[in-house]
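Notes for the one structure printed next.
Chains as they are written, first to last, in our numbering: chain A, 779 to 1086; chain B, 1278 to 1529.
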């Protein structure tokens, strides 16, 4: 068994939480190598080398990998990947973009969104928006696994892996990067935050979302949103929590003005404690919440913020 | 140009999935089935591209059981010009894996020669999020996933992608495979006259063998179970109680 983890690095910056949790999932099978491909790798490779259970960090530094575009990334990687038995990546927009393309190239079925590694060929993954958990056994020689990182804890930074440079033969005549419009924020990252405050359709407007943000800032929390809130333009797309957005499992999840559609619950029901505020006492969110308050959010949230 | 749109028939998104008593999967007998919502968005986009004069023909493809005909009739009623049904199984519980779906679609693409394949980013049943990427690899075409904006130019298609950190814009050379996200558009409803017209549009039925594709299963489903359920908790009486509960659980 030879295990490789694809580190997520965006323009030289390591997505440390996602990568570390992916290493954690992969390490249930043994020691791992981590592939660090980006335009700048020195900081990222140093951080990865400290992750426990990492044996080798394979460094591939080239301008071509700045945005991890699927074609160049998978073309370049194909020989390296073929020398492993297991390849793990986070189930993030990076992993979901790249890993199935690698599968298509090698005629291997990808095992998406794995929530539990059971053995070297058997895995659990949620289907139907988390309404069922399936145990699947892969019959492929190579296993391509994307990891639902919210189910794993980060590994300690007590390791000291070897850092090795590897060669590069990639190009990408197919797609060209134009621009990124990334949200910048001083708040914790949504997928790794200990506390998340989310708003739904009930918040009513982009301006009103400041109420949610105010409470989040008071609690040192990340801000999330339901699909309805994002679709209505109240919140940016990268705040979306749910089946097709981000999956979070914080210590505390505060759902404000969120009715609790199945698709939203799929993204947050593994949170340790769920608190819901909604004026509709029939809202399905109360069926999963540990603590609920039936009240008008415009009255309740500012008061809560004041009292904390 | 021609646009190919694969559409999957799935359990309707408003119906709660129930695990079969024997743990073999989700019960799909006598339940409402519909077009995968993401595929509806892909089809809507194809229709809009055609309406702008940037495409001549839209071909909808569905792979699965005979009843997928209904899904294809819906696609034709929305605005697809013709449809191809690949009957790959006679049991609705037998989900065809994205890898096989990609092989079938690649074979159809080579035959039909579309410039663009618009796919939903994931099917809401198996949630794999893989077909478009695999298909793009099989065809060695450019790949643009999770599109929230599409602009067709002469030789390229400009795609804005929803990524974890925000939005990313890339130019993909045509021919391309694009997978679409939720906010690309709002699909139209088929009007009654169009539903009537759709009955006369061509719907070709083929088998995977006609395309030289073998149905394989690489992931054996060992069992399907209900997730651990959460118990409904306490409804609190006032804000002070809620503040207390929040404080107990912050940094706890």
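We put the CB at the ideal spot given by N, CA and C, even for glycine.
- Contact check for residue 1012 of chain A against residue 1003 of chain A passes: the beta carbons are separated by less than 8 Å.
- Closer than 8 Å at the C-beta level to chain B, one finds these residues of the region 914 to 948 of chain A: 914, 915, 916, 917 and 918.
- Residue 1020 of chain A sits away from residue 1414 of chain B, with the two beta carbons spaced by 8 Å or more.
- Taken through DSSP and simplified to helix, strand or coil, residue 812 of chain A comes out as strand.
- Around the beta carbon of residue 1322 of chain B, 16 or more other beta carbons lie within 10 angstroms, which makes this residue buried.
- The secondary-structure analysis by DSSP pairs residue 924 of chain A across a beta bridge with A:867.
- Where residue 1420 of chain B is concerned, the enclosing beta strand (DSSP E) starts and stops at 1419 to 1429.
- Assignment of alpha helix (DSSP H) within the region 992 to 1061 of chain A, counting only whole runs of 4 or more residues, yields 1005 to 1009 and 1040 to 1043 in chain order.
- Relative to residue 887 of chain A, the option among A:872, A:878 and A:894 whose CA is nearest is A:878.
- With contact defined as three or more Cβ pairs closer than 8 Å, the region 1310 to 1328 of chain B and the region 1379 to 1399 of chain B are in contact.
- In the DSSP assignment, residue 1483 of chain B forms a beta bridge with B:1363.
- Assigned with DSSP and collapsed to three states, residue 1405 of chain B falls in coil, not helix or strand.
- In chain order, 1419, 1432 and 1433 place their CB closer than 7 Å to the CB of residue 1450 of chain B, counting only its own chain and leaving out the 5 sequence neighbours on each side.
- Annotation for residue 904 of chain A: no alpha helix (DSSP H) segment contains it, though the beta strand (DSSP E) segment containing it runs 900 to 905.
- Scanning its chain for C-beta atoms nearer than 7 Å, with the 5 sequence neighbours on each side dropped, one finds around residue 1519 of chain B the residues 1513, in chain order.
- Rounded to whole angstroms, residue 1492 of chain B and residue 1339 of chain B show a C-alpha spacing of 15 Å.
- Look at the region 1497 to 1528 of chain B and you find these whole runs of alpha helix (DSSP H), each 4 residues long or longer: 1516 to 1526.
- Within the model, the alpha-carbon separation for residue 828 of chain A versus residue 821 of chain A is close to 11 Å.
- Closest in C-alpha terms to residue 1454 of chain B, from the list B:1472, B:1407 and B:1476, comes B:1407.
- Near chain A, meaning a CB-to-CB distance below 8 Å, the residues of the region 1493 to 1506 of chain B are 1494, 1495, 1496, 1497, 1498, 1499, 1500, 1501, 1502, 1503 and 1504.
- Each residue's CA atom was taken as its position, placing residue 1079 of chain A and residue 1347 of chain B some 47 Å apart.
- Buried is the label assigned to residue 1452 of chain B, since at least 16 other Cβ atoms lie within 10 Å of its Cβ.
- With contacts defined by Cβ atoms closer than 8 Å, residue 786 of chain A and residue 872 of chain A form a contacting pair.
- Chain A has a Cβ within less than 8 Å of the Cβ of residue 1404 of chain B.
- In the DSSP annotation of this structure, the continuous segment of the alpha helix (DSSP H) that includes residue 1473 of chain B starts and ends at 1469 to 1475.
- In the DSSP annotation of this structure, the continuous segment of the beta strand (DSSP E) that includes residue 957 of chain A starts and ends at 953 to 960.
- Per the Cβ contact rule, the region 950 to 963 of chain A is not in contact with the region 923 to 931 of chain A (fewer than 3 Cβ pairs under 8 Å).
- Here residue 933 of chain A is actually not in contact with residue 975 of chain A; their C-beta atoms are around 28 Å apart, not less than 8 Å.
- Secondary structure note for residue 916 of chain A: its beta strand (DSSP E) is the uninterrupted segment 910 to 916.
- For residue 1410 of chain B, DSSP records no beta bridge to any residue.
- The criterion of a C-beta distance shorter than 8 Å is not satisfied by residue 802 of chain A and residue 893 of chain A.
- Taking C-beta atoms as the reference points, residue 1516 of chain B and residue 1082 of chain A count as a pair closer than 8 Å.
- Taking 8 Å as the cut-off, the Cβ atoms of residue 913 of chain A and residue 1326 of chain B do not count as close.
- Residue-level contact by beta carbon holds for residue 1296 of chain B and chain A, with a gap shorter than 8 Å.
- Per DSSP, residue 781 of chain A lies in no alpha helix (DSSP H) segment; the continuous beta strand (DSSP E) that holds it begins and ends at 781 to 784.
- Comparing alpha carbon positions, the residue from A:1073, A:839 and A:979 closest to residue 1039 of chain A is A:979.
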